[in-house]
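Using the numbering used here, read the sequence shown as starting at 674 and increasing by one per residue.
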Amino acid sequence: MSASADTRTAVLVAAYNAEETLERAVMSALTEPGTAEICIVDDASRDGTFALAQLLAARHARVKTLRLDANAGPAAARNAAIAATNSPWLTILDADDFYMPGRLSAMHEIAGDADFVGDALIRVADGAPVSWARSPLRAQPLDLQDFLIGNLGGETGALDLGYLKPLMRRSFIDARSLRYRADMRLGEDYELYARALALGARFIVCGEAGYISVETAGSLSKAHSETDLQRLRDCDDAIAAIRPLSQPERRALERHRTSVDRRLQWRRLISAVKAKDARMALSAFRSVDAALYLIGKLAEQAWLRGTGRRPARDLSTEAAH
Numbered sequence: 674m675s676a677s678a679d680t681r682t683a684v685l686v687a688a689y690n691a692e693e694t695l696e697r698a699v700m701s702a703l704t705e706p707g708t709a710e711i712c713i714v715d716d717a718s719r720d721g722t723f724a725l726a727q728l729l730a731a732r733h734a735r736v737k738t739l740r741l742d743a744n745a746g747p748a749a750a751r752n753a754a755i756a757a758t759n760s761p762w763l764t765i766l767d768a769d770d771f772y773m774p775g776r777l778s779a780m781h782e783i784a785g786d787a788d789f790v791g792d793a794l795i796r797v798a799d800g801a802p803v804s805w806a807r808s809p810l811r812a813q814p815l816d817l818q819d820f821l822i823g824n825l826g827g828e829t830g831a832l833d834l835g836y837l838k839p840l841m842r843r844s845f846i847d848a849r850s851l852r853y854r855a856d857m858r859l860g861e862d863y864e865l866y867a868r869a870l871a872l873g874a875r876f877i878v879c880g881e882a883g884y885i886s887v888e889t890a891g892s893l894s895k896a897h898s899e900t901d902l903q904r905l906r907d908c909d910d911a912i913a914a915i916r917p918l919s920q921p922e923r924r925a926l927e928r929h930r931t932s933v934d935r936r937l938q939w940r941r942l943i944s945a946v947k948a949k950d951a952r953m954a955l956s957a958f959r960s961v962d963a964a965l966y967l968i969g970k971l972a973e974q975a976w977l978r979g980t981g982r983r984p985a986r987d988l989s990t991e992a993a994h
């Protein structure tokens with residue numbers, strides 16, 4: 674159990690056009706004994722999400738709801754939820770995901786003096802049954818270097834740690850004024866966790882505690898803008914400036930920045946081809962690394978066309994982190 678036995682947790686739910694899944698998410702969090710409050714922030718949905726959120730708040734005393742005037746993205750919605758809650762622990766629940774019973778209790782059991790407690794996501798296809806059995810959790814410490822390496826899924830084949838939905842100790846994030854960067858719509862979780870680790874967060878991770886991540890047809894292929902990718906790339910520069918990094922940390926951060934920059938330059942190349950702008954296309958080959966990557970992607974696309982397979986529509990549809 675944590676150094677403080679107070680396990681009251683605020684579950685933060687950013688919701689956009691989620692009327693089909695929101696109730697399932699909220700009800701799964703309500704079954705958790707540690708859930709003291711659930712804050713649903715409707716991100717200016719165009720469907721019945723806010724009406725459903727209001728209905729859930731009317732039915733359940735632990736549920737409250739807010740509505741943003743304009744769509745601002747999950748980071749801004751989560752920041753609004755943080756401001757509207759006061760429990761000593763916080764955690765994120767995406768509106769299309771849900772918890773298996775006992776998730777939060779199991780994570781609190783291993784929390785100790787950690788500031789962040791992350792568990793492996795259980796990924797299931799939308800509509801598929803969940804086949805999962807709980808097993809004892811073993812906590813492992815996570816430092817900045819390993820976290821950064823764990824966000825190179827495209828290179829290493831490992832699971833992106835930036836997708837974690839950890840328990841977060843409010844006293845830590847408040848003491849360091851940690852909030853999501855509201856200008857980021859891609860990798861906002863990665864940025865917050867990396868910044869927290871650079872600021873000294875005690876972060877532990879464990880196996881599957883019961884977070885069900887529902888994968889819909891478009892959930893892994895969302896097109897991101899050049900601005901999204903540029904902000905994700907450039908946030909690494911800000912993280913590097915927080916404190917002097919060790920050489921292994923700096924190398925890992927540079928690998929992450931390079932990985933994102935490759936995707937950004939491919940996105941720019943595609944935009945240039947569509948615009949028939951030769952100068953813009955050439956600018957994408959801005960470094961040896963980017964040039965080699967783009968040549969490889971172009972060869973891959975040519976091979977796919979030559980074999981009659983459908984080439985990727987847009988490399989900006991790669992994994993978010």
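Glycine residues also receive a C-beta, built at the ideal position from the N, C-alpha and C atoms.
Output needed for V790: all residues of its chain with C-beta closer than 6 angstroms, excluding positions within five of it in sequence on either side, in chain order.
M780, A784, P839, L840 and I877
Pick from L794, Y866, E922 and S778: whose alpha carbon is nearest that of T682?
S778
Close beta carbons around E864, own chain, < 8 angstroms, minus the five adjacent residues each side:
Y853, R854, M857, L905, C908 and I912
Could you spell out the range, first to last residue, of the alpha helix (DSSP H) harbouring Y866?
E861 to A871
Going straight from the alpha carbon of L817 to that of S701, what length do you get?
31 angstroms
Cβ pair count under 8 angstroms reaching 3, the segment 690-701 against the segment 710-727:
yes
Nearest to G707 (by Cα), restricted to the options Q727, V714, L834 and D679
D679
Can you tell me where the alpha helix (DSSP H) holding P747 begins and where it ends?
P747 to A757
Beta-carbon gap between A882 and A768 smaller than 7 angstroms:
no
When DSSP labels each residue in this structure, what does I943 get in the three-state scheme?
helix
Quick one: is H733 buried, meaning 16 or more other Cβ sit within 10 Å of its Cβ, or exposed?
exposed
Under 7 angstroms Cβ to Cβ from V933, same chain only, skipping five residues before and after it: list those, please.
L902, L905 and R906
Taking K970 as part of the beta strand (DSSP E), name the residues at either end of that continuous run.
Careful: K970 lies outside any beta strand (DSSP E), inside the alpha helix (DSSP H) at V961 to G979.
Assign I968 to buried or exposed, taking buried as 16 or more other Cβ atoms, counted over all protein chains shown, within 10 Å of its Cβ.
exposed
Just verifying my parser: in three-state terms, what is the DSSP assignment at D907?
helix
Let me confirm a value: T722 is counted as buried when at least 16 other C-beta atoms fall within 10 Å, else exposed. Which label applies?
buried
Whose C-beta lies closer than 8 angstroms to the C-beta of L703 among residues of the same chain, with five residues either side of it excluded?
I711, H733, R735 and V736
Nearest-angstrom Cβ-Cβ length linking I795 and Y884, presumed shorter than 8 angstroms
6 angstroms
Could you check if R978 is buried or exposed, using at least 16 other CB atoms within 10 Å of its CB as the buried criterion?
exposed
Simplified DSSP state of Y884, which is helix, strand or coil
strand
Kindly indicate the opening and closing residues of the beta strand (DSSP E) around E710.
T708 to D715
Tell me, please, which residues DSSP counts as bridged to R952.
DSSP output for R952 lists no bridge partner at all.
For R941, tell me which candidate among A972, S960, E705 and S898 has the shortest Cα-Cα distance.
S898
Would you mind working out which of A806, G860, L729 and D799 sits nearest G746, comparing C-alpha positions?
G860
Tell me, please, which residues DSSP counts as bridged to L815.
F876
Taking the alpha-carbon of A756 as reference, which of V946, P814 and R843 has the nearest alpha-carbon?
R843
Just the Cα atoms here: how many angstroms apart are L728 and R740?
14 angstroms
Using only alpha-carbon positions, find the residue among A948, S919, A964 and F845 that is nearest to R614.
Not covered by the structure: residue 614. The range shown for the chain is 674 to 994.
Name the one or two DSSP bridge partners that M667 has.
No statement about residue 667 is possible, as the shown extent of the chain runs from 674 to 994 and does not include it.
Simplified DSSP state of I915, which is helix, strand or coil
coil
From the DSSP output, in three-state form, read off E927 for me.
helix
Can you name, in chain order, every residue of its own chain whose Cβ lies under 6 angstroms from the Cβ of L837, other than the five neighbours on each side?
G791
L685 and A730 - do their beta-carbons sit closer together than 7 angstroms?
no
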